[in-house]
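Data first, discussion second: the structure below is written as structure tokens.
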Amino acid sequence: MTKPHHNHIPPSDMESVSQKWQRVVGRRSFLHGVGVAGATLAATTLAAQGNKKLPPGDVAILRFLAAAEIIESDLWSQYAELGGANGGNHAYKLALQNLDNDMPQYITDNTDDELSHAAFLNAYLMSKGEQPVSLEMFRTLPSTIATGAQQINRLTNLQQLHVDTSYYTRYRSDLNPDFGAMFPDAVTIKNQPAIPISDADTDPTQAQPVPPTTTQQTRMQAIANSAAFHFAFIEQGGSSLYPTMALKVTDLEVLRIVLSIGGVEIDHFSLWHDKLGNAISQPLAGVVDPETGTKFLDLNNPANQPFGNDLAQTNLILPEPCQFINPNLPLCSVIRPISTEHSGAMAAVNALTADNLFNFNLQPGFFDKLMELAGAADAARRQSGHD
Ligand SMILES: [Fe+2]
Ligand SMILES: [Fe+2]
Numbered sequence: 020m021t022k023p024h025h026n027h028i029p030p031s032d033m034e035s036v037s038q039k040w041q042r043v044v045g046r047r048s049f050l051h052g053v054g055v056a057g058a059t060l061a062a063t064t065l066a067a068q069g070n071k072k073l074p075p076g077d078v079a080i081l082r083f084l085a086a087a088e089i090i091e092s093d094l095w096s097q098y099a100e101l102g103g104a105n106g107g108n109h110a111y112k113l114a115l116q117n118l119d120n121d122m123p124q125y126i127t128d129n130t131d132d133e134l135s136h137a138a139f140l141n142a143y144l145m146s147k148g149e150q151p152v153s154l155e156m157f158r159t160l161p162s163t164i165a166t167g168a169q170q171i172n173r174l175t176n177l178q179q180l181h182v183d184t185s186y187y188t189r190y191r192s193d194l195n196p197d198f199g200a201m202f203p204d205a206v207t208i209k210n211q212p213a214i215p216i217s218d219a220d221t222d223p224t225q226a227q228p229v230p231p232t233t234t235q236q237t238r239m240q241a242i243a244n245s246a247a248f249h250f251a252f253i254e255q256g257g258s259s260l261y262p263t264m265a266l267k268v269t270d271l272e273v274l275r276i277v278l279s280i281g282g283v284e285i286d287h288f289s290l291w292h293d294k295l296g297n298a299i300s301q302p303l304a305g306v307v308d309p310e311t312g313t314k315f316l317d318l319n320n321p322a323n324q325p326f327g328n329d330l331a332q333t334n335l336i337l338p339e340p341c342q343f344i345n346p347n348l349p350l351c352s353v354i355r356p357i358s359t360e361h362s363g364a365m366a367a368v369n370a371l372t373a374d375n376l377f378n379f380n381l382q383p384g385f386f387d388k389l390m391e392l393a394g395a396a397d398a399a400r401r402q403s404g405h406d
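Numbered according to our numbering, the sequence shown spans residues 20 to 406.
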């Protein structure tokens, strides 16, 4: 009988994978009933059946994507605990619902998607006899003390973000960052919480009228608006990362995985790109965070459009055709960027770091670990002759 490949994984790593499964399964709605034993058994059976080794470059790509999905899962879980369908911070949910009544459900579903991506990628790696990715040792950042959040350690910080909002202008432009184009931010979001930071800062029982009237209501609306911009920032990154990685994949089944998950990242981005427009259009536009000064002006008003009217209109959420492959060819509506330099694995780590999503002082070795995984993924090259 063929020995399952994942028996080669050292016991310490197996333990952390099992813990991860336990946590993932415990938090999920749709995996209820499967259980840890069932999931592990399924992976074991697959390992016994699929004995063809994956090309090393494909393994590196899958491992980096698993790390990225674990990070996504961590941040989305925080949003879901506070503002999801069963979220525990009532005023935060109300402020999010001022952007769209369905926001809590969308947050819960996006979170479930990320958890499924992370769990699938690691299980697939194990089924092919490869090491799964665990970031558990870096889970050391504190939760927010605001009502609704579990008091557990996190991988990501959502309490002081610098959100790059240039995707808003990038997808409204006919220029392409892969040809060197740069884009201005739509809204300047610096040192900004995207989740409530304490009940003293924002009362979880307060009302959230449109527009907000009290200082605390305004603060909470600015936090929810920032979250909406952050949702789209994260998902546009995934929308570019997956096709960038797909171009390096050799094995057709791995390509299927990368294309299929990547398509859902694009779906997420499109949704959030639509919802965030409600923070910067009437009747909600005009919120100014009383503590950070972040301004959510009406971008449908020409007076607030420093980068040109045609780039600003909030309902232009579908990608404008842009330069593609060769500037002499006709403009084409595409995902951009798709290049190792601008949207590869290293670029993704740098973007998340610039977002202030981590605090590497409290997570020694985490940046090195991410860069090691990213470097290997970016170095992967498609091989011909693999069947
Ligand atoms: Fe994902
Ligand atoms: Fe995502």
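Even glycine gets a Cβ: it sits at the ideal position worked out from N, Cα and C.
This structure is a prediction, so every number in the text was calculated from the model and none was measured.
- Under the three-state reduction of DSSP, N108 is assigned to coil, being neither helix nor strand.
- A direct Cα-Cα distance of roughly 40 Å separates R82 from L318.
- Counting only runs that start and end inside the stretch 303–334, the alpha helix (DSSP H) elements of at least 4 residues fall at 328–331.
- Taking the Cβ atoms as the reference, E149 lies roughly 17 Å from L271, outside the contact range of under 8 Å.
- Counting along the chain, I253 sits inside the alpha helix (DSSP H) bounded by residues T234 to A265.
- Sequence-distant Cβ neighbours of D193 in its own chain, meaning closer than 8 Å and more than five residues away, are E339, P340, C341, Q342 and L350.
- Pairing A370 with L160, the inter-Cα distance amounts to about 19 Å.
- Counting only beta-carbon distances shorter than 7 Å to the non-hydrogen atoms of ligand 1, the qualifying residues in chain order are E88, E91, D132, E133, H136, G257, I280, V283 and E284.
- Per DSSP, I208 is one residue of the beta strand (DSSP E) stretching across I208 to Q211.
- Around the beta carbon of P123, 16 or more other beta carbons lie within 10 angstroms, which makes this residue buried.
- Here DSSP, grouped into helix, strand and coil, assigns R173 to strand.
- For V182, the enclosing beta strand (DSSP E) begins and ends at L180 to V182.
- In this structure, the CA atom of G167 is about 45 Å from the CA atom of R400.
- Of the candidates Q179, R189 and P228, Q179 places its Cα closest to the Cα of K209.
- DSSP links L160 through a beta bridge to R173.
- Residue nearest to P230 within the set A298, I216 and P325 is A298 (criterion: CA-CA distance).
- H287 has its Cβ nearer than 6 Å to a heavy atom of ligand 2.
- Here A393 is buried. Its C-beta has 16 or more other C-beta atoms within 10 Å.
- Short of 8 Å from the beta carbon of A265, and not among the five residues preceding or following it, lie these beta carbons of its own chain, in chain order: L274, V277, L278 and G281.
- Sorting A213, R238 and F288 by C-alpha distance to the C-alpha of D222 places R238 at the top.
- When the alpha-carbon of V353 is set against those of G305, P309, L177 and N195, the nearest one is in N195.
- Where A398 is concerned, the enclosing alpha helix (DSSP H) starts and stops at F385 to A398.
- For A219, the closest alpha carbon among the candidates V152, G327, F315 and T163 is that of T163.
- At a cut-off of 6 Å, the beta-carbon of E254 counts as near ligand 2: some heavy atom of the ligand is closer than that.
- Secondary structure note for Q382: it is in no alpha helix (DSSP H), with a DSSP letter that is neither H nor E.
- For F202, no alpha helix (DSSP H) encloses it, and the DSSP letter there is neither H nor E.
- Taking C-beta separations shorter than 6 Å and ignoring five residues to either side along the sequence, the partners of M365 in its chain run A393 and D397, following chain order.
- Spatial neighbours of F250 in its own chain (CB-CB distance under 7 Å, excluding positions within 5 residues in sequence) are listed in chain order as W291.
- D77 and D93 have their alpha carbons spaced roughly 24 Å apart.
- With respect to the 7 Å criterion, Q235 and L177 are not classified as neighbours on the basis of their beta carbons.
- For the 7 Å CB-CB criterion, P356 and S259 form a contact.
- Annotated as distal: F139 and V182, with beta-carbon spacing of 7 Å or more.
- F288 and Q301 have their C-alpha atoms spaced approximately 22 Å apart.
- Shortest Cα-Cα distance from L335 to any of T188, K71 and D387 involves T188.
- In the DSSP annotation of this structure, the continuous segment of the alpha helix (DSSP H) that includes K294 starts and ends at L271 to L295.
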